[in-house]
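**Student:** According to my numbering, the sequence shown is numbered sequentially starting from 5.
Sharing a structure here in structure tokens format.
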Amino acid sequence: MLAPLQLIDSFLLNYNVGDVLLLSFVLGAVGVLPTRSLRLLGLHTLGIGVVLLILPTATMEPSTGSVLTSAFQYKLFGLVLLVIAPVLFSLGRR
Numbered sequence: 005m006l007a008p009l010q011l012i013d014s015f016l017l018n019y020n021v022g023d024v025l026l027l028s029f030v031l032g033a034v035g036v037l038p039t040r041s042l043r044l045l046g047l048h049t050l051g052i053g054v055v056l057l058i059l060p061t062a063t064m065e066p067s068t069g070s071v072l073t074s075a076f077q078y079k080l081f082g083l084v085l086l087v088i089a090p091v092l093f094s095l096g097r098r
């Protein structure tokens with residue numbers, strides 16, 4: 005029988021840091037939606053976009069269960085988030 009940490013480790017080996025960041029972006033956006041604050045959503049989007057661009061590409065090499073097929077796609081998604089974030093922030097009320 006596998007120990008709980010071994011079970012978690014065997015599950016996480018199929019994913020990379022980019023997948024975790026995409027999941028955290030989606031879950032964070034769902035968590036921000038009840039506040040109905042576009043400024044907060046813009047800040048969240050900006051933070052995830054910056055982290056996706058700053059991380060080295062070696063940490064985002066696709067695995068068997070990865071959502072995107074190359075590290076370049078994760079970087080491009082981070083760039084898209086950086087473009088969208090100021091728009092969301094500026095549309096929010098004060």
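For glycine and all other residues, C-beta sits at the position ideal for the given N, C-alpha and C.
1. Looking at the structure shown, is Pro66 part of a helix, part of a strand, or coil, going by DSSP?
2. Whole angstroms are fine: how far does the CA of Leu31 sit from the CA of Pro8?
3. Please return the same chain residues whose Cβ sits closer than 7 Å to the Cβ of Ile12, not counting the five positions on each side in sequence.
4. Tell me whether the region 36-49 and the region 69-79 touch, counting them as touching only if at least three CB pairs, one residue from each stretch, are closer than 8 Å.
5. Considering just the uninterrupted stretch of the alpha helix (DSSP H) at Arg43, what are its terminal residues?
6. Just the C-alpha distance for Leu44 and Leu25, rounded to the nearest angstrom, thanks.
7. If you check the beta carbons only, do Pro66 and Leu72 fall under 8 Å apart?
8. Hey, quick one: how far does the alpha helix (DSSP H) through Pro90 stretch, first residue to last?
9. Let me make sure I understand the geometry here. Which of Asp23, Tyr19, Leu59, His48 has the alpha-carbon closest to that of Val91?
**Tutor:** Reading off the structure:
1. coil
2. 24 Å
3. none
4. Counting Cβ pairs under 8 Å, fewer than three are found: no touch.
5. 42-58
6. Computed Cα separation, rounded: 17 Å.
7. yes
8. Note, Pro90: alpha helix (DSSP H), 75-95.
9. For the residues Asp23, Tyr19, Leu59, His48, the minimum Cα distance to Val91 belongs to His48.
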